[in-house]
Amino acid sequence: MYLQGKNSWTKGQNRHFVDFLLNAREELIAEEKGSAKYLHDDNLKNVVLDIFGAGTSTSKTILGFSFLHLANDLELQDELREEIVDALGSRVCGAADRGKMPKVDSFLREVIRVHPPAPLGIGRRTQADIILNRRPVPIGTDMFMNILAVNHDKAIWGPDAGEFNPRRFLTATKEQVNRGATSFGLGARTCPGEKMAQADMLYAIVRTLQNVRLTCPDGPGTANLNSIDSDLLIDAVRQDLIFTRIDEPWIFWAHPHPNRRYCDGAALLLAVDGCHSGCTMALVELFLVRLTEPISWIALVLGLLTAYLIQFVNRVRKLPPGPSPLPFIGNIPQLRSEIPLYEKAIDWARQYGDPITVWIGPRPFVIASSKESFKDISGPLRNLIAGRNPTNIGALQTRGYQDVLFSDFSPAWDTLRRVAHVAMRKYATTEKLANLVAETVDSELEGVFEGRDECRYEVVEFIEGIINNVLALSSFGEGFKKGDENFEKMRRANRDFEVNSPNGLPSDILPILRYLFPRQERAARGAILEVLDVTDEMFAKARATWTSGKSRHFTDVLLNAREEFVAEDRNSAKYLTDENLRQVVLDIFGAGTGTSRGILSYCCVELANDPELQSDLRTEILEELGSKRCTAEDRERLPRTDSFLQEIIRYYPAAPLSLPRKAMTNTTINGRPVPKDIDVMINLYAVNRDESIWGSDAGEFRPYRFLNVTKDQLTRGSNSFGIGARSCPGEKLAQADMFYAIVRTLQRVKLTCVHGPGTADFGKKNSDIFLESPRQNLIFAKVDTV
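To convert, note that position 70 of the sequence shown is 202 in my numbering; the numbers rise steadily by one, no gaps.
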């Protein structure tokens with residue numbers, strides 16, 4: 133319909149909205165105004181769609197309730213019809229006639245007041261930190277305006293505010309109209325079509341009452357004036373009314389036989405006004421129809437399906453190319469295979485260029501897999517590809533507070549990230565951390581051997597025991613003991629999440645999966661809640677024992693940072709609440725255990741698989757350190773061990789696609805358009821194995837690759853901890869933790885594969901977003917160096 137209106141447009145002619153908008157564009161171009169660039173066809177088409185979509189919905193609700201009230205109260209209906217006949221007779225109502233029918237106007241305004249179609253409006257987002265009625269509202273907060281509450285406020289309208297009084301607006305004060313009739317919204321987001329909607333609906337009511345008498349099938353006072361079951365919408369419950377022709381020669385020519393018909397013609401009202409040359413009066417006469425007829429429902433479903441398909445095709449065209457998606461399910465059929473998404477994306481980038489778009493259900497993701505795209509994202513787009521769209525797993529973990537991992541780009545997020553980054557960098561270079569890791573490895577090995585010199589043990593469980601304790605002690609000053617309640621909770625949570633949600637919550641992949649896979653959804657949510665129970669308890673203990681100036685662990689460091697911010701009267705101190713700091717420590721603990729577990733597990737498996745490599749690294753360590761604990765200063769003395777760790781990190785990035793980021797504005801990556809709010813995935817796995825950076829053996833594991841690595845390779849091709857504003861703030865800490873753990877492990881044990889050298893399992897877990905070693909037993913044998 134838009135295209136028909138546009139193609140028949142003649143400059144200067146104003147038949148409908150399309151003409152008005154196209155003429156406005158011509159004027160702006162003629163005046164050489166910069167804003168003309170926003171009035172391209174796609175935007176104008178969406179404006180007309182807004183007018184049509186929002187208008188039909190609100191008008192249908194208000195007209196539906198109007199007709200129900202009229203049928204319910206025949207005295208009121210006759211009174212309004214009498215006013216109309218006195219003012220107009222049989223002629224069509226015009227704009228100048230509204231003042232001649234104050235009772236009809238008051239009736240319509242009261243219907244709008246009592247039955248606002250969108251009682252909470254549409255959610256808005258704060259653009260800055262504000263104070264609302266003396267209460268703080270942070271930037272980026274979603275807000276709803278409770279229109280129904282103010283419309284029914286007794287302080288404005290009196291004790292009968294919740295009742296329907298069709299004559300209320302005959303005596304309404306200016307203050308009541310300004311403050312208590314807000315059905316079309318308020319502020320910058322108020323409905324721009326209020327005047328038109330009021331006019332359309334008044335004309336429709338007038339012409340209907342000129343044509344027909346409305347009655348309830350079961351008599352006056354029996355109409356169902358309840359709303360449909362919805363928290364966001366108010367709409368009349370569908371029901372039959374009796375439409376009886378008024379015996380006048382000029383009335384009801386479209387339907388000569390009086391029938392019981394439900395008037396739902398408002399759904400077509402703006403289609404005629406907006407994109408055609410008809411008029412509202414003819415509409416009411418032509419479309420006194422019952423939408424519940426089967427043919428009408430079929431037409432409605434087909435219309436909605438067509439509208440969705442058109443919108444879907446338009447969205448696909450505006451995004452970077454990629455594998456062809458299907459409506460509703462996207463590329464899910466292509467994703468169902470043993471090849472993970474991060475590897476498929478490399479092949480698709482070769483086929484379609486980079487970046488590509490992959491649809492997971494109805495949601496598109498732009499995936500960047502080339503060094504050129506990475507250069508954009510880490511450089512000029514650093515803060516533009518830095519947001520985070522809401523997810524169920526994020527909401528579950530953050531609980532309404534701010535954090536570093538899941539929160540959107542905002543001043544609060546930036547403050548928390550900077551504080552966390554400084555805290556982890558400081559802690560990573562302390563001797564305390566080196567001693568802590570060594571003691572933890574020693575303790576874990578005692579539990580592994582249990583007095584024996586050699587045994588089989590599951591390698592991932594060994595690494596979990598080390599990393600969970602190191603991060604817990606670093607974060608809260610308290611670790612886990614095998615067999616205690618918190619240890620078992622963490623162990624169970626790791627297994628449950630690993631088995632049931634290798635790709636995160638099913639509902640984050642596709643909302644309906646929450647109901648198709650309820651067991652997996654519940655298990656994953658339960659695992660997250662168990663971890664939260666444990667870490668909340670540990671944070672509370674650490675918080676309760678904090679002393680100003682002491683820095684025993686991250687909780688202390690963050691609380692001290694807040695104290696400094698408050699003392700310096702920094703505005704950003706307001707973001708460092710107990711709840712937000714708790715979430716930051718949880719991020720450090722959760723993200724740190726996840727990534728370190730994956731990388732260290734692969735370290736152990738590679739060492740067990742290659743005894744010669746393991747012997748070479750142990751020789752280096754023993755020659756330089758003997759049995760003493762490794763420190764930060766010792767790292768340079770162990771270049772082969774360090775190179776081995778860096779190659780593991782390059783070859784096995786724990787989160788190959790990292791977490792999806794949100795584009796903060798319309799932009800381009802590597803010359804391809806990326807719309808605002810779209811999810812962007814960074815394919816770390818692809819660039820880490822890019823042959824144009826690393827050479828023809830980029831896809832091979834070479835433990836000593838980093839002994840002669842170039843600066844360009846380090847900068848562009850080793851990205852396992854992310855790039856840009858969302859890169860991992862704990863990289864230094866993680867690298868230190870893992871290096872100390874490898875050194876101490878090789879000082880204490882010899883690792884071998886159960887079935888001999890070269891038989892380790894390097895298969896990938898069934899996950900598109902995590903890269904972890906399969907669980908497997910290795911043989912642990914003591915090395916007598918301590």
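A virtual CB, placed ideally from N, CA and C, is assigned to each residue, including glycine.
In this text, all values refer to a predicted model and were calculated from it rather than measured experimentally.
Query: Which runs of the alpha helix (DSSP H) fall wholly inside the stretch 505-546 and span at least 4 residues, in chain order?; Result: 524-530
Query: Do residue 274 and residue 257 come within 8 Å of each other at the CB atom, strictly closer than that value?; Result: yes
Query: Report yes if the CB atom of residue 227 is closer than 8 Å to the CB atom of residue 331, and no otherwise.; Result: yes
Query: Please give the ranges of any alpha helix (DSSP H) in the stretch 136-193, keeping only runs that are unbroken, at least 4 residues long and fully inside the region.; Result: 149-162
Query: If we count the other Cβ atoms within 10 Å of its Cβ and call it buried at 16 or more, is residue 262 buried or exposed?; Result: exposed
Query: On a CA-only basis, which of 225, 631, 657 and 625 is nearest residue 640? Give me that one, please.; Result: 657
Query: Out of curiosity, what's the CA-to-CA distance linking residue 752 and residue 871?; Result: 14 Å
Query: Compare the Cα-Cα distances from residue 689 to each of 632, 853, 607 and 497 and report the closest residue.; Result: 607
Query: Report the three-state DSSP secondary structure of residue 373 (helix, strand or coil).; Result: coil
Query: If you measure from the beta carbon of residue 655 to each beta carbon in chain B, is any gap under 8 Å?; Result: Within the model displayed, chain B is absent; a lone protein chain is all it includes.
Query: Kindly provide the ranges of any alpha helix (DSSP H) runs that are 4 or more residues long and lie completely inside the stretch 705-745, ordered along the chain.; Result: 710-741
Query: Determine contact between the stretch 736-749 and the stretch 799-813, defined as no fewer than three beta-carbon pairs at a distance below 8 Å.; Result: no
Query: By the 10 Å Cβ neighbour count, where 16 or more other Cβ atoms means buried, how is residue 794 classified, buried or exposed?; Result: buried
Query: By the 10 Å Cβ neighbour count, where 16 or more other Cβ atoms means buried, how is residue 276 classified, buried or exposed?; Result: exposed
Query: Spell out a yes or no on whether the stretch 880-890 and the stretch 709-723 are touching, meaning 3 or more CB-CB pairs, one atom from each, closer than 8 Å.; Result: no
Query: My output table needs one value for residue 653: the three-state DSSP class, helix, strand or coil.; Result: helix
Query: Compute the Euclidean distance between the alpha carbons of residue 859 and residue 785, then round it to the nearest angstrom.; Result: 13 Å
Query: Which residue's Cα is closest to the Cα of residue 196: 735, 246, 231 and 162?; Result: 246
Query: What runs of the alpha helix (DSSP H), each 4 residues or longer, lie entirely inside the stretch 295-379?; Result: 306-312 and 326-343
Query: For the alpha helix (DSSP H) containing residue 848, list its first residue and its last residue.; Result: 843-849
Query: Starting from the C-beta of residue 910, find all residues in its chain whose C-beta is less than 6 Å away, skip the five residues before and the five after it, and write them out in chain order.; Result: 591, 740 and 883
Query: Output the distance between the C-alpha atoms of residue 831 and residue 691, rounded to the nearest integer angstrom.; Result: 44 Å
Query: Kindly confirm or deny that the stretch 492-509 and the stretch 810-824 touch, where touching means at least three C-beta pairs closer than 8 Å.; Result: yes
Query: Express the C-alpha separation of residue 621 and residue 666 in angstroms, rounding to a whole number.; Result: 8 Å
Query: Is residue 894 helix, strand or coil when you go by DSSP?; Result: coil
Query: Under three-state DSSP, which class holds residue 886?; Result: coil
Query: Tell me which same chain residues have a C-beta within less than 7 Å of the C-beta of residue 242, skipping the five on either side of it?; Result: 296, 297, 298, 300 and 301
Query: Could you name the residues of the same chain whose beta carbon sits closer than 6 Å to that of residue 280, not counting the 5 residues immediately before and after it, in chain order?; Result: 248 and 251
Query: Since residue 566 contacts residue 763 with CB under 8 Å, what's their CB separation in whole angstroms?; Result: 5 Å
Query: Do you know offhand how far residue 349's Cα is from residue 372's?; Result: 7 Å
Query: Assess, as a yes-or-no matter, whether the stretch 647-654 is touched by the stretch 601-620 under the definition of 3 or more beta carbon pairs within less than 8 Å.; Result: no
Query: Cutting at 6 Å between CB atoms, please list the residues of its own chain near residue 206, excluding the five before and the five after it.; Result: 352
Query: What span of residues does the beta strand (DSSP E) with residue 565 cover, start to end?; Result: Where residue 565 is concerned, there is no enclosing beta strand (DSSP E), although the alpha helix (DSSP H) it sits in stretches over 563-581.
Query: For residue 721 and residue 668, what's the separation of their Cα atoms in angstroms?; Result: 12 Å
Query: According to DSSP, simplified to helix, strand and coil, what is residue 233?; Result: coil
Query: To the nearest angstrom, how far is the alpha carbon of residue 454 from that of residue 819?; Result: 19 Å
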